Each structure stands twice: as C-alpha cells, then as structure tokens.
Amino acid sequence: MNLTTDAPIQIVAFCCRYCAYAAADLAGVLRLTYPPDIRIVQIPCTGRLDTLEVLHALEFGADAVMVAGCLEGDCHFQRGNIEARTRVERIKEILSQIGLEAARVEMFNMSSAMGKQFAEAAQEFAERIASLGPSPLRDSTYEIKAEFEM
Amino acid sequence: MSDVSSNGYKSGSRLERILRAGHFAVTGELGPPQGAEINVIREKAELLQGLVDAVNITDNQTAIVRMSSIGAGTILVQEKLEPIIQMTCRDRNRLAIQSDLLGAYALGMRNLLCLTGDHQSFGNHPTAKNVHDIDSLQLVQMVVGMRDEEHFECGDEIKETAPRFFVGAAANPFGDPFEWRPYRLAKKVKAGADFIQTQLIYNVERFAEFMDKVRELGLHEQVYILAGIGPLKSPGMARYMRDQVAGLDVPDAIVDRMTHATDGIDPEDKKARRNAWRKEGMQVAIDLIKQMREIEGVAGVHVMAIEWEEAVKPIVEGAGLLPRPEPEPLPTSGSETE
Amino acid sequence: MIVAEQKSLEEIKNLIADMEKVLVVGCGTCVTVCFAGGDKEAGILASSLRMSTKLDGSTKEVTHITVQRQCEWEYIDPIADQINDADIVLSIGCGIGVQAIAERYPETVVVPGLNTTFLGLPTEQGVWEERCAACGECILGITGGICPIARCAKQLLNGPCGGSQNGMCEINPDTPCAWQLIYDKLKSQDRLHLIMDVQPPKNWSSSRDGGPRKITREDLRLAVEDSE
Chain B
11 MNLTTDAPIQ IVAFCCRYCA YAAADLAGVL RLTYPPDIRI VQIPCTGRLD
61 TLEVLHALEF GADAVMVAGC LEGDCHFQRG NIEARTRVER IKEILSQIGL
111 EAARVEMFNM SSAMGKQFAE AAQEFAERIA SLGPSPLRDS TYEIKAEFEM
Chain E
95 MSDVSSNGYK SGSRLERILR AGHFAVTGEL GPPQGAEINV IREKAELLQG
145 LVDAVNITDN QTAIVRMSSI GAGTILVQEK LEPIIQMTCR DRNRLAIQSD
195 LLGAYALGMR NLLCLTGDHQ SFGNHPTAKN VHDIDSLQLV QMVVGMRDEE
245 HFECGDEIKE TAPRFFVGAA ANPFGDPFEW RPYRLAKKVK AGADFIQTQL
295 IYNVERFAEF MDKVRELGLH EQVYILAGIG PLKSPGMARY MRDQVAGLDV
345 PDAIVDRMTH ATDGIDPEDK KARRNAWRKE GMQVAIDLIK QMREIEGVAG
395 VHVMAIEWEE AVKPIVEGAG LLPRPEPEPL PTSGSETE
Chain W
599 MIVAEQKSLE EIKNLIADME KVLVVGCGTC VTVCFAGGDK EAGILASSLR
649 MSTKLDGSTK EVTHITVQRQ CEWEYIDPIA DQINDADIVL SIGCGIGVQA
699 IAERYPETVV VPGLNTTFLG LPTEQGVWEE RCAACGECIL GITGGICPIA
749 RCAKQLLNGP CGGSQNGMCE INPDTPCAWQ LIYDKLKSQD RLHLIMDVQP
799 PKNWSSSRDG GPRKITREDL RLAVEDSE
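Protein chains in written order, with my numbering: chain B, 11 to 160; chain E, 95 to 432; chain W, 599 to 826.
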C-alpha cells in the first residue's frame with residue numbers, strides 16, 4: 011500500500027441543517043479558517059445520519075467523518091441528535107471490527123450561532139486525524155469523488 | 095383397580111408403613127458423590143442409620159453431574175437404609191424414566207420423589223439439551239398409573255411385575271404465585287401423590303398460612319406432608335439463602351439468631367465461633383421441628399443437612415424424635431420383601 | 599416473525615476466506631424488520647467486507663443485492679445472473695433463505711451471514727423476544743394466550759416450578775415466569791379453571807422431535823398434466 015505522508019487529510023462532515031451547517035456557514039462569513047479538505051454534507055438532522063453513507067465515505071477516500079448536530083436538548087427535531095450519538099457509537103464498533111480506528115468518526119454538538127466553535131472543532135478534529143495518519147485504506151493518489159461534494 | 099396391593103399397602107415401604115401407622119415421620123437426605131466411589135455412600139448411610147425412616151438421594155442436584163440416584167440407592171438397599179430415589183424431568187424422557195423405574199424397583203427401591211429439576215444453566219453442563227418431555231405432575235400421574243393400573247404411559251399393559259412405588263412430589267410454599275401454590279399442591283394430589291416434601295422452611299408464619307389453605311382444600315387428609323427443615327451453618331449461609339436463592343424465605347429474626355450466636359466469644363477464636371454458629375444452627379432446626387409438630391396436617395419432617403450428616407443426630411434427638419419407631423411388619427402375602 | 603442476528607465480521611470473513619467474488623444477498627422480510635439482513639445491512643456488510651479485506655491485504659470484490667423474500671423460488675430465480683457471477687453467496691436471510699438459495703442453485707457455494715435464533719416479536723423498538731416454539735399443537739386457548747412451550751424454560755404444562763420468584767424465571771431475573779403470566783391472565787379473566795386439572799404429557803411428535811415436518815395441501819397444488 012502506497013501512502014504519501016504529506017497527503018492532506020480528507021474529512022467528510024455530515025452537518026445538520028438547523029445548527030451545524032448554519033454554524034459552518036457563519037464560520038465562512040466570519041472568514042474563520044479551518045482545514046480546506048473538509049467536505050460538508052448537509053442533512054436535515056443528524057438523526058438522518060446513514061451508517062452506510064458514513065462507511066462509503068471512508069471506503070471511497072475519506073480519512074475521517076465528522077458528524078455535527080445541535081446541542082443536546084436543542085435538537086430542532088427533538089431527539090435526532092440523541093439518536094445520532096448512539097448511531098455514531100455503533101459506527102465506531104463497526105470500524106473496530108473492520109480494522110479501522112474508532113476515532114475516525116466523531117460527533118460534535120453546537121448551536122447555529124457557534125461559527126467559531128465549528129471552526130475550532132473542525133481544526134481540532136483534523137489535527138487529531140493527522141496524528142492518526144491518513145486512512146490505511148487510502149491509495150496515495152486517490153481523492154474523494156465529486157459526488158460527495160456539496 | 096384398587097390402589098393397594100394384596101398386603102394393604104401401595105408399596106409396602108418402611109416410610110409408607112410408618113406414615114400409615116400415624117407416626118411423625120423423619121426423612122433425611124444424601125447427596126451422591128461426583129464420582130463412582132461407593133464407600134462415601136456407605137459412610138454417609140452409617141451416619142444416618144436409626145435416625146431416619148428413609149433417605150432421599152438427590153438426582154443431579156443443581157444440574158451438577160453426580161452418581162445417579164438409582165445407582166446410589168442400590169447401595170443404600172444393600173446397607174439396609176431405605177432410600178427415596180429422586181427423579182427429575184430435566185434429564186430423561188418418558189422412556190428412560192419408566193425404564194429406570196423398572197430397574198430401580200427390581201433392585202429393591204420403593205419410594206420415589208418426582209421433581210421438575212433445576213435448570214441446567216445452574217450446573218456444570220450448561221450447554222446440554224434439556225429434556226422436560228414431561229413435567230413433575232405428569233410424572234406423578236405416570237408412576238401412579240404404572241402402579242395402580244399396571245400400564246405404561248402409552249397405555250400398554252405391564253405384563254410382568256408392575257413397579258409399585260410410594261410416590262412423592264415436592265412443594266414450595268414460598269414460591270410465586272403464593273396464592274396459587276396450594277392449588278398446585280391440589281393438582282399433585284389429584285395426580286395421585288402419596289406424600290409431599292416441602293422446600294426448606296424458616297418462615298413458620300408464612301408456612302402456617304399456606305397450611306391453612308391446604309387444610310381448607312382438605313389436602314392434608316389425602317396426602318402426607320413432610321416439612322423441609324435444614325440446619326444453618328453460619329449467618330453468612332443464612333444471608334445467602336435469604337438473598338440469593340430463589341424460592342426460599344429466611345426471616346431476619348433467624349439471620350439475627352445466627353449472628354448473635356457468637357456474642358461474647360473472642361472474634362479471633364475461629365473454632366469457637368464456628369462451633370457456636372453450628373450449635374445455634376442445629377438449635378434453630380430443633381425449634382422449627384417442634385413448631386412443625388404443632389401445625390395440623392404436617393405428618394413429618396424432611397431433614398436436609400447438606401454435607402453435614404453429623405448434624406442429623408443432635409437435631410432429631412433434640413426434637414424428641416428418637417428412637418425411630420419400628421413399622422408394622424408386612425403381612426406375609428408373599429410379594430413384598432423388606 | 600423470524601428473528602436473527604448477524605454473525606461477527608470475523609466469523610463471516612472465515613466463511614468467505616478462499617473466495618474472491620462475494621455476493622451478499624439480503625432479504626426484505628423478517629430480517630429487515632429485525633435489522634439483521636435487510637438491504638441496508640447488506641450494504642453495510644458489503645462495504646465492511648471490502649474495507650476489511652483491503653486492510654488484510656487482499657481486497658475482495660463484494661457486491662450486494664436484496665430480494666423481497668429469500669424463502670420463495672419466484673423471488674430468488676430473477677437474481678440467477680448475479681448469483682452465477684459470484685464465487686460465493688453470503689446470504690443474510692434466515693436459515694430458510696440460505697437453504698433456499700443453496701437448493702435452487704446447487705452448484706453455488708452458499709454460506710450464512712446470520713445466526714437465526716427464534717420466532718418472536720419486537721416488544722419495543724430494538725428489543726425482540728421469543729414467543730412461539732412451532733410445536734405443531736397450539737394450546738394458547740387454554741393458557742390465556744401465553745405459550746409455556748416457548749416461554750417457560752422447562753416447557754412445563756403444569757407450571758410454575760418452585761423456582762418462580764417475584765414473577766421471574768429462576769434462570770434469569772429479567773425473564774418473566776411464563777406460568778406467572780398465565781396465572782395472572784387467567785385470574786384476571788376469571789378462567790383459572792383451565793389450569794386446575796392436570797394437563798397430560800405433550801405429544802411431541804408434531805414438533806421437531808418427530809422429525810423434519812412437511813405440510814401438503816392437495817387442494818392448492820397445481821394440476822399436473824397427465825403424461826402421454
């Protein structure tokens with residue numbers, strides 16, 4: 011397996027429309043920097059998080075998947091983010107069984123006003139994954155296919 | 095078909111004759127070894143000689159493999175100590191049960207206790223298939239049918255020497271649902287049980303409540319009820335039985351008696367403490383037996399001194415039950431042997 | 599419904615070890631409802647196997663397809679091409695589905711991805727409990743609608759045993775005692791007389807003990823043309 015050590019970390023972020031996506035948007039408006047190789051996928055609520063799509067992201071080139079939703083107790087759809095947290099735990103178990111590090115998928119909570127926190131979370135997560143290294147599945151020249159981009 | 099043989103008894107066993115004569119019966123218990131050792135059984139039998147009217151031999155109790163009840167029973171017959179063989183429904187189907195009973199009768203056994211059996215997940219072979227082809231009530235009915243109607247469960251006639259057992263069943267006055275237990279006992283009587291041995295009793299009040307209902311249903315006149323009594327070895331044992339064993343009711347007052355048995359004894363003197371506990375444990379058993387004799391409908395006691403057969407003598411003696419009566423000899427009709 | 603659970607990924611990998619092209623076949627009926635072998639689970643398993651075998655050093659080609667039901671020929675016949683294209687079929691239908699594919703495609707190697715466990719229902723989302731033992735002689739009419747063959751650990755017909763405590767079975771404090779349930783139900787309906795008599799021994803010959811079972815309905819069989 012050919013891995014180049016300076017290949018940039020590729021992250022797919024599933025963000026809920028009402029909070030996390032809005033926060034990401036706000037981060038952009040505020041011109042806050044966070045790693046450029048974070049592809050954001052908007053979903054109506056993190057409760058809609060699809061395990062299979064997370065696996066596909068990792069299978070087809072992502073080094074990690076970030077899941078960002080509303081603050082607990084403030085989910086726009088009541089409990090979606092609570093269900094998502096359980097689902098993320100389950101995905102971590104599946105990753106361990108596959109042989110990937112469970113830390114490659116993580117859940118974050120924030121409100122729509124928290125642009126700064128979105129940028130910080132994205133930065134922190136990217137650094138965490140960088141120290142883990144690129145995904146052992148990745149071929150050096152492979153990049154995430156366009157269909158995962160917004 | 096009459097349910098007594100030509101000599102007037104169902105089985106002619108010593109236990110049956112003692113109960114029929116109106117004596118307060120005493121039965122004991124013996125656990126067979128986890129191996130094929132004969133002498134262990136002989137030694138335990140010797141400890142119980144003259145103290146009890148008959149001895150239960152457990153059948154893979156708590157689903158741990160031990161020598162079979164019938165195998166050990168054969169040795170007791172040789173030692174002239176009357177066995178009550180136990181048969182669970184967990185390990186054998188109706189063919190094996192009937193077959194084993196024919197053998198047991200041929201080898202001289204005359205008393206049988208019919209049980210459901212602890213689930214195999216409790217024992218040392220939890221991956222085994224459990225049988226439960228029939229349940230304990232159907233077993234009682236089947237064995238009574240073999241004796242009184244001289245046919246097998248399938249209806250075929252037993253052409254030669256039908257086994258004639260004195261048939262017992264167990265009762266748990268403290269199991270749930272509590273209100274249903276006397277009715278379940280009624281079912282066992284209806285199935286034809288001759289005697290009942292209860293689970294260990296420590297809560298006399300609750301047992302008396304159970305017996306009220308039993309008498310109301312008239313069951314005490316149709317079946318001989320033997321109350322289960324067992325000596326405690328320590329307060330730890332009492333607490334364990336109170337908290338961890340399903341189907342047992344050990345009142346706090348009894349746990350307290352055991353705890354206070356070592357009042358005034360040096361906490362470092364392990365031997366003295368142990369002796370004090372055991373002495374109190376036996377005294378508790380003696381007191382319970384005396385209370386059982388006061389309850390109408392109780393025809394005897396079943397003393398379970400598990401792995402402590404030496405306790406049986408002081409208990410039975412302390413309760414004023416020695417010497418054991420000699421039963422009426424069997425009328426010489428020829429078919430029964432003592 | 600039939601309730602099953604997926605085998606561990608490790609066990610599944612051992613079953614497909616020597617094969618290159620794997621077809622995961624999902625089932626759209628019972629195992630979808632218990633989240634063990636439906637289309638989503640088939641996709642997840644296929645992706646997991648591709649990633650895992652890649653990490654092991656030799657990527658397997660794993661595809662997946664789901665049919666409405668694996669237990670009927672007309673649903674598994676249309677996927678003949680995909681099946682014949684594969685080196686091995688990993689069926690995540692119940693044991694019946696696995697065998698149906700194996701029987702219909704006798705040259706194909708078929709392995710199970712699930713452990714089929716029992717007949718039951720979801721008592722709440724995410725929890726399934728056994729209810730029926732398929733004994734062939736249903737007595738629910740006299741036990742208040744609660745089955746002692748499936749739900750009593752000792753399959754008693756004259757229960758409960760002495761180990762019933764606080765309405766729970768001796769083998770597990772979370773397992774309700776079936777006979778407590780039967781007693782409560784019949785008592786509440788004033789029908790305790792149903793359990794006052796001694797139930798005779800069960801005829802087990804209609805259950806699995808009597809051998810593998812078969813039902814034939816001549817009135818439903820398609821008429822066969824008389825041969826010349």
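Even glycine gets a Cβ: it sits at the ideal position worked out from N, Cα and C.
Note that the structure is predicted; figures quoted are calculated from it, not measured.
Rounded to whole angstroms, what's the CA-CA distance from Q385 (chain E) to M352 (chain E)? Just pull it up for me.
Between Q385 (chain E) and M352 (chain E), the C-alpha separation is close to 18 Å.
Can a CB atom of chain B be found closer than 9 Å to the CB of K638 (chain W)?
With 9 Å as the cut-off, K638 (chain W) counts as an interface residue toward chain B.
Contact check, A731 (chain W) vs G757 (chain W) under 8 Å by CB: the rounded distance?
Not a contact, Cβ separation roughly 15 Å.
When you compare the stretch 656-668 of chain W with the stretch 616-627 of chain W, are there three or more beta-carbon pairs, one atom per stretch, that lie closer than 8 Å?
The answer is yes - the stretch 616-627 of chain W touches the stretch 656-668 of chain W, with three or more Cβ pairs under 8 Å.
Using a 10 Å radius around the Cβ and a threshold of 16 neighbouring Cβ atoms, would you call Q128 (chain E) buried or exposed?
Residue environment analysis places Q128 (chain E) among the exposed positions, since fewer than 16 neighbouring C-beta atoms fall within 10 angstroms of its C-beta.
Through-space distance from G734 (chain W) to T814 (chain W), alpha-carbon basis:
Straight-line Cα distance between these residues: approximately 14 Å.
In chain B, which residues lie less than 7 Å from R819 (chain W) when you measure between Cβ atoms?
In chain order: nothing, as chain B lies at least about 42 Å away.
C-beta neighbour in chain B for I642 (chain W), strict 9 Å:
Answer yes: the Cβ-Cβ gap between I642 (chain W) and chain B drops below 9 Å somewhere.
Would you say Q88 (chain B) lies against chain W (beta-carbon separation less than 9 Å)?
No - not a single Cβ of chain W is within 9 Å of the one on Q88 (chain B).
As a quick exercise: from W:Q753, W:V696, W:S646, pick the residue whose alpha carbon is nearest that of N224 (chain E).
Comparing Cα positions, the closest option is W:Q753.
Which class does W777 (chain W) belong to by DSSP, given the choice of helix, strand or coil?
Secondary structure at W777 (chain W): helix, using DSSP grouped into helix, strand and coil.
Cross-chain neighbours of N552 (chain W) in chain E, by beta carbon under 8 Å
Outside the shown range of chain W (599 to 826) lies residue 552 (chain W), about which nothing can therefore be said.
In three-state DSSP terms, what is L231 (chain E)?
It is helical.
A748 (chain W) - DSSP class collapsed to helix/strand/coil:
DSSP places A748 (chain W) in helix when its eight states are reduced to three.
Determine the direct distance from the alpha carbon of S804 (chain W) to that of L147 (chain B), and round the result to whole angstroms.
Their backbone Cα atoms lie some 54 Å apart in a straight line.
Assuming Q107 (chain B) contacts L653 (chain W) (C-beta within less than 8 Å), just tell me the rounded distance between them.
Contact flag wrong, Cβ pair sits at about 11 Å.
Measure the alpha-carbon distance for I228 (chain E) versus I389 (chain E) and round it to whole angstroms.
Rounded to whole angstroms, I228 (chain E) to I389 (chain E) spans 33 Å at the Cα level.
In chain order, what are the residue ranges of uninterrupted beta strand (DSSP E) at least 3 long that sit wholly in the stretch 603-661 of chain W?
DSSP runs (the beta strand (DSSP E)) wholly in the stretch 603-661 of chain W: 619-625.
Where do the ends of the alpha helix (DSSP H) carrying Y673 (chain W) lie?
Segment 671-674, the alpha helix (DSSP H) holding Y673 (chain W).
Name, please, each residue of chain W whose Cβ falls closer than 8 Å to the Cβ of I108 (chain B).
L607, S646, M649, S650, L653, listed in chain order.
Simplified DSSP state of T156 (chain E), which is helix, strand or coil
Helix, per DSSP.
Beta-carbon contacts of E349 (chain E) that lie in its chain and below 8 Å, excluding the five residues immediately before and after:
The amino acid occupying residue 349 (chain E) in the given sequence is Val; Glu does not appear at that position. Taking V349 (chain E) as the centre and dropping the five residues before and after it, the same chain places the C-beta of P329, A332, R333, R336 closer than 8 Å to its C-beta, in chain order.
Does the distance from the C-beta atom of Q232 (chain E) to that of P798 (chain W) stay below 9 Å?
A contact, by the Cβ cut-off of 9 Å.
Take R111 (chain E) and list the residues in its own chain whose beta-carbon comes closer than 6 Å to its own, dropping the five residues that flank it on each side.
Only P421, E422 meet the Cβ criterion.
Could you tell me which residues DSSP pairs with M76 (chain B) in its beta bridges?
Secondary-structure assignment with DSSP links M76 (chain B) through a beta bridge to B:A23, B:E116.
Return yes when the Cβ of A287 (chain E) is within less than 9 Å of the Cβ of V308 (chain E), no when it is not.
Not closer than 9 Å, so no.
Of all the residues that make up the stretch 783-805 of chain W, which are near chain E by a beta-carbon distance shorter than 9 Å?
Under the 9 Å Cβ criterion, the stretch 783-805 of chain W contributes K785, L790, I793, M794, D795, V796, Q797, P798, P799, K800, W802.
What residue range is occupied by the uninterrupted alpha helix (DSSP H) comprising I169 (chain E)?
In the DSSP assignment, I169 (chain E) falls within the alpha helix (DSSP H) that extends over 163-172.
So which of W:I690, W:V631, W:G691, W:P676 has the shortest CA-CA distance to E722 (chain W)?
Answer by Cα proximity: W:V631.
In angstroms with no decimal places, state the Cα-to-Cα distance between P276 (chain E) and E672 (chain W).
Distance from the CA atom of P276 (chain E) to the CA atom of E672 (chain W), rounded to whole angstroms, is 57 Å.
Where Q697 (chain W) falls: helix, strand or coil (DSSP):
Assignment of Q697 (chain W) by DSSP, reduced to helix, strand and coil, places it in the helix class.
If you draw a straight line from the alpha carbon of E659 (chain W) to that of L42 (chain B), how long is it in whole angstroms?
In a straight line, the C-alpha of E659 (chain W) is about 43 Å away from that of L42 (chain B).
Applying a beta-carbon distance threshold of less than 9 Å, which residues of chain E neighbour G743 (chain W)?
The premise fails here: G743 (chain W) is roughly 18 Å from chain E at the closest Cβ pair, so nothing lies under 9 Å.
Where V768 (chain W) meets chain E, residues with beta-carbon distance less than 7 Å
One point to set straight first is that residue 768 (chain W) is Glu, not Val, in the sequence displayed. What E768 (chain W) touches in chain E: H213, A340.
For E728 (chain W) and L717 (chain W), which I take to be in contact (beta-carbon distance under 8 Å), what is that distance rounded to the nearest angstrom?
About 7 Å; that satisfies the 8 Å criterion.
Rounded to whole angstroms, what's the CA-CA distance from V283 (chain E) to R387 (chain E)? Just pull it up for me.
Rounded to the nearest angstrom, the two C-alpha atoms are 22 Å apart.
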